[in-house]
Structures are given as structure tokens and as C-alpha cells.
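Below you'll find the structure, written out as C-alpha cells, and then a few comments.
In my numbering, the protein residues as written are -18 to 360.
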């Protein structure tokens, strides 16, 4: 009898342990992780991050193609941006920052997939996901896609073929446009409202922006293995046309705190008036498009470069023996310095202006290139 009782107690103990929830015994949960959020909170945060991340691509591209140069007298030792001596640790922010935001976008997509009232958030998140993956594919080629953004469920995702990703991005964009057209004015779904710090909840503008991204993808995929796919997809743009204005992000920048426009903060001055980007100067090659060497456009030069005189910048490759250009508080604004700068023209118009992340100029260039290839599209 005693033996039977002991066996029964052991069985009860085993069953009790087996019945414990995994979460109770898991001591590796991060206590700082948010248990949940809402699309209304996540979307504006992602959009704000996207504006800042765009600056990373802006600076990288500017140096890479020679728009900007390192001023004489400033150290560049170890900088792959200056030396072109790239390795696996170079410009990692282009990759990691994109995937950080993609995880947030995937959270919106996953958490709203079975909640019809959030269809607008789901669609916008898929459009933005396509935007980010287009940047990643153009920069890196094959990247994690189909197995990415799964968190701990897959920490070694497969790198998908770039062409395959491109095709699926078009599919995601087209499906999102259909949803936005169907439910954009519906009172039965949750409106984007103030969570949309780009278009203020205007779903037609989101459709037009989605067409912009689609146009960029198809234009860049021309004359590739996707030619047949591209030619067919060019005939599937929605009737809303394209976003022909600059696409701007503005979460509510203010000039009296460290929350002013990031572009201004990086290339003009901080909110306290401190000088920034003194080492970043226009290249001699870039000046040639304004000073008459290639094109004569002094007016535009004055709108872009501080104190534009038409002379090539000195103290850089091609002008090493010229005296170093006097240190300026900034180079990429027409006039005004420090806290007194209240520019109202050119690229940097104010500390609180919206942050550009898809320009009207690019849209028109893409439309022109598409037309050159036989795909005439109306705006």
C-alpha cells in the first residue's frame, strides 16, 4: 500500500511539472519588451525612423558618386566612405536600420491580418515594406525576404533571389492598392488619421505613392532577366496616377529642441546654432554643373551652396595645391548661419520643414525614363 502511495505521488509530481506553462519556467524573457502595441502607435514611429534612415542613404550615396567630398584639413583615416576601402563592416547602418523598421512594419502586417478594421494600416505597412526592400535589393542584391522578420523563429533566414523579391514587391503593392481603393473612404474601418505623418490619412495619395515605388522598381528592372515581367507590369498601374509632389515626413518638428528637421540638423546647424558638417563640401565635379564647366546655372548654385561663387572648392582631389577653403559653418544652404538662419529658399528652407524621402524630381525622371523605353504613362 505504501509503495502504491509513493508511485501515485511521483506520478502527480511529474504531471504537475509537465502541466506547467512554458512561460512560467522561461527565465530568458526580456522584461523590458513591450507586451503589445497598436498600429496607431507603431506606424508614426516607423515613418519618423524612415526619414532619419533616408539620411543614411543620402550621405552614403553623396560620397559614393562624388556629389560631396571631404574638406582639406579634416581627417578621414579609416573611413571607407572616403577611401572606398569597403569591407563587411562598412555602412552596416544601411542594412540594420532598414531591417529594424521592417520588423515594426511586419508587426503591423501580422497583427492586423485578421482584423479587417485595420485594413488601411495593413496596406500602408505593405507599401512601406516594399519601399524598404526595394532599397535593400538595389544596394545588396539577394537579401533575406521570405524567411525574414520572423524573430526567434528563424535567426538564419534564407537569402532570396533579387529578381524574385522584385516580382513579389509588385504583387504586394498591387494588392495594397486594391485594398486602399476599396476601403479608403469606408466608415467601417479605422482611419489612418493623425498616425499618418506623411499624407494625413489621404489614401489616394498613398495609392499614388505606391505607384511611384512600383514605377521605380519596374524602371530599374528594365533590360534584365525580368524584361517580360516588367513589360507586362507597366500596363497595370492604377488610375490614380503618381504622386508628383515631394513626399515629405513631418512628425511635428520644432526649432527650439533636439527635434528639428534631421536634414537641417545634419547639414546646417543644431537647434542651439552649433556648426555641423564642416568637413562635407561640394566636389569640384559637382560644382561643374553650376559654374559653367559643364552647365552654367549660378542661380541654382546659390540656392544649394552657401556663398556660391562659381569657383571649384579647393583642398580636395584635383585641387590639392590650392589653399584650403576657409572653414564655413555649413555648405548646403544659401545664406544664414547658426540660430539666426531662417532660410526660406533652396534645399534647406527651415528647421521645421518636412523631411524629403521621395522627390518630385525623381518621379518625373522615372516617368521620362519609362517613356524613353516605350512606356508612356500619365501623371
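Note that beta-carbon positions come from the ideal geometry of N, C-alpha and C, so glycine has one too. Remember, it's a predicted structure, so these values are computed and weren't measured experimentally.
Original post:
Taking one C-beta from the region 26 to 46 and one from the region 243 to 252 each time, how about it: are there three or more such pairs within less than 8 Å?
Top reply: When C-beta atoms of the region 26 to 46 are compared with those of the region 243 to 252, three or more pairs fall below 8 Å, so the two segments count as touching.
**OP:** Examine the Cβ distances between the region 258 to 267 and the region 43 to 52 and report whether three or more of them are shorter than 8 Å.
**Re:** Contact annotation: the region 258 to 267 touches the region 43 to 52, with at least three C-beta pairs closer than 8 Å.
Original post:
Between residue 198 and the rest of its own chain, which residues show a CB-CB distance below 7 Å, the 5 nearest in sequence each way excluded?
Top reply: Contacts found: 115, 147, 150, 151.
**OP:** Could you spell out where the alpha helix (DSSP H) holding residue 49 opens and where it closes?
**Re:** Boundaries for residue 49: no alpha helix (DSSP H) harbours it, while the beta strand (DSSP E) harbouring it runs 49 to 51, taken from the DSSP string.
Original post:
Helix, strand or coil for residue 272 per DSSP?
Top reply: Residue state, collapsed to three classes: strand.
Subject >> Separation of residue 126 from residue 282, as counted between CA atoms >> reply: Their backbone Cα atoms lie some 42 Å apart in a straight line.
Subject >> Three-state secondary structure (DSSP) of residue 256 >> reply: It is a strand residue.
Original post:
Can the beta-carbon of residue 32 be found less than 8 Å from the beta-carbon of residue 338?
Top reply: In this structure, residue 338 lies closer than 8 Å to residue 32 by Cβ.
**OP:** Go through its chain and collect everything with a Cβ distance to residue 266's Cβ below 7 Å, but skip five positions before and after it.
**Re:** Here the set comprises 47.
**OP:** Check the Cβ-Cβ distances between residue 175 and every residue of chain C, and say whether any is below 8 Å.
**Re:** Checking the listed chains, one finds no chain C in this structure; it contains a single protein chain.
Subject >> residue 6 versus residue 94: straight-line alpha-carbon distance, rounded >> reply: Note that residue 6 scores a pLDDT of 42, beneath 50, so its modelled location is shaky; the value from the coordinates is reported in the next line. Near 31 Å, if we compare the C-alpha coordinates of residue 94 and residue 6.
Subject >> Bridge-paired residues (DSSP) for residue 263 >> reply: Beta-bridge partners of residue 263 (DSSP): 49.
**OP:** May I ask you to verify whether the region 225 to 233 touches the region 328 to 348, counting CB pairs closer than 8 Å and requiring at least 3?
**Re:** Yes, the region 225 to 233 is in contact with the region 328 to 348.
Subject >> DSSP three-state assignment for residue -5, whether helix, strand or coil >> reply: Confidence at residue -5 is low in this model, with a pLDDT of 45, below 50, so its placement is unreliable and the value that follows should be read with caution. Residue state, collapsed to three classes: helix.
Original post:
In chain order, what residues of the same chain lie with their CB nearer than 6 Å to the CB of residue 106, ignoring the 5 residues before and after it?
Top reply: The beta carbon of residue 106 lies closer than 6 Å to those of 86, 89, 90 in the same chain, with the five residues before and after it left out.
Original post:
To the nearest angstrom, how far is it from the Cα of residue 216 to the Cα of residue 269?
Top reply: Linking residue 216 to residue 269 through their CA atoms gives a straight-line distance of about 39 Å.
**OP:** Check the DSSP bridge columns for residue 250 and list the partner residues they point to.
**Re:** DSSP output for residue 250 lists 256 as bridge partner(s).
**OP:** Tell me whether residue 315 sits in a helix, a strand or coil according to DSSP, three-state version.
**Re:** With a pLDDT of only 47 at residue 315, under 50, the local geometry of the prediction cannot be trusted, and the value read off the model is given with reservation. In this structure, residue 315 counts as coil in the three-state DSSP scheme.
Original post:
Taking one C-beta from the region 20 to 34 and one from the region 172 to 185 each time, how about it: are there three or more such pairs within less than 8 Å?
Top reply: Judged by pairs of C-beta atoms under 8 Å, the region 20 to 34 touches the region 172 to 185, as three or more such pairs exist.
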